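Right, dumping it as structure tokens:
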């Protein structure tokens, strides 16, 4: 899929001729993605007065805990200290931005929708926004797969709460994992099998 940037739009978006189930839906509330600007998970916006802006943030490193069990916990993380929106006066070009409206966020929808726009920008000022694509796909199959997966996860969760899972199966799994963990470590220290074989076949 690759990297992308996020973009929101406060300016009025073009009307969709036949929005189907999405009649009355506010497309301006969506957070779109675009692959046509910087592709570094940056946040952009088109303001109500049609300026293209970048959310410019200042971050600092928060030291990790040397005693943490995880690598990332020991390394630490970056924390945002401040941010501001910056006008992109030097940006000229066109970019597409898009989003998917699907049943996982809108349970009543019988279809999933793809909406895509194209914005034309000159010196950081958005000159036009046009609707590039609006398509739909029945989500009955995807919904059934999602429900089956959720049911499977719930059954698995319940299974591991049973007494026989906690006191019999889980200790058994842990023991098996421990044996093979030790086997792998031991195997790394031993010479490869073909070297051992060649040792016994010197001629």
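In my numbering, the protein residues as written are 976 to 1178.
We put the CB at the ideal spot given by N, CA and C, even for glycine.
Since the model is a prediction, treat every value here as computed from it, not as a measurement.
Looking at the strands, I want to know which residues DSSP matches up with residue i.
i: residue 1112; result: 1087
i: residue 1093; result: 1071, 1105
i: residue 1008; result: 981, 1073
i: residue 1019; result: 982, 1029
i: residue 1035; result: 1054
i: residue 1100; result: 1026, 1097
Since residue i and residue j should fall inside the 8 Å C-beta cutoff, what is the C-beta to C-beta distance between them, to a whole number of angstroms?
i: residue 1181; j: residue 1088; result: Given that the chain is displayed from residue 976 to residue 1178, the structure contains no residue 1181 and the question cannot be resolved.
i: residue 1071; j: residue 1009; result: 6 Å
i: residue 1108; j: residue 1101; result: Actually they are not in contact, since the Cβ atoms of residue 1108 and residue 1101 sit about 19 Å apart, beyond 8 Å.
i: residue 1084; j: residue 996; result: 6 Å
i: residue 950; j: residue 992; result: Residue numbering for the chain in the displayed model covers 976 to 1178; residue 950 lies beyond these limits and cannot be assessed.
i: residue 1031; j: residue 1054; result: Not quite, the Cβ-Cβ distance comes to about 16 Å (not below 8 Å), so this is no contact.
With burial defined as no fewer than 16 other Cβ atoms inside 10 Å of the residue's Cβ, what is the status of residue i: buried or exposed?
i: residue 982; result: buried
i: residue 1130; result: exposed
i: residue 1012; result: buried
i: residue 1178; result: The pLDDT assigned to residue 1178 is 42, lower than 50, so where the model puts this residue is not dependable; a value taken from the coordinates is nonetheless given after this. By the neighbour-count rule (16 or more Cβ atoms within 10 Å), residue 1178 is not buried but exposed.
i: residue 1155; result: exposed
i: residue 980; result: buried
i: residue 1007; result: buried
i: residue 1056; result: exposed
i: residue 1151; result: exposed
i: residue 1133; result: exposed
i: residue 1114; result: buried
i: residue 1028; result: buried
Compare the C-alpha of residue i against each of the options and name the closest.
i: residue 1003; options: 1163, 1011, 1014, 1020; result: 1020
i: residue 1037; options: 1029, 1047, 1006; result: 1047
i: residue 998; options: 1076, 1151, 1120; result: 1076
i: residue 1110; options: 987, 1074, 1160; result: 1074
i: residue 1090; options: 1099, 1162, 989, 1017; result: 989
i: residue 1207; options: 1079, 1123, 1059, 1035; result: In the structure as shown, the chain starts at 976 and stops at 1178, and residue 1207 therefore has no counterpart that could be examined.
i: residue 1118; options: 1032, 1033, 1148, 1081; result: 1081
i: residue 1040; options: 1132, 1034, 1052, 1005; result: 1052
i: residue 1069; options: 1121, 1098, 1029, 991; result: 1098
i: residue 1067; options: 1161, 1096, 1139; result: 1096
**Prompt:** Which runs of the alpha helix (DSSP H) fall wholly inside the segment 1119 to 1171 and span at least 4 residues, in chain order?
**Reply:** 1145 to 1164
**Request:** Would you list, in sequence order, the uninterrupted alpha helix (DSSP H) runs of no fewer than 4 residues that lie entirely inside the segment 1038 to 1063?
**Result:** 1046 to 1050
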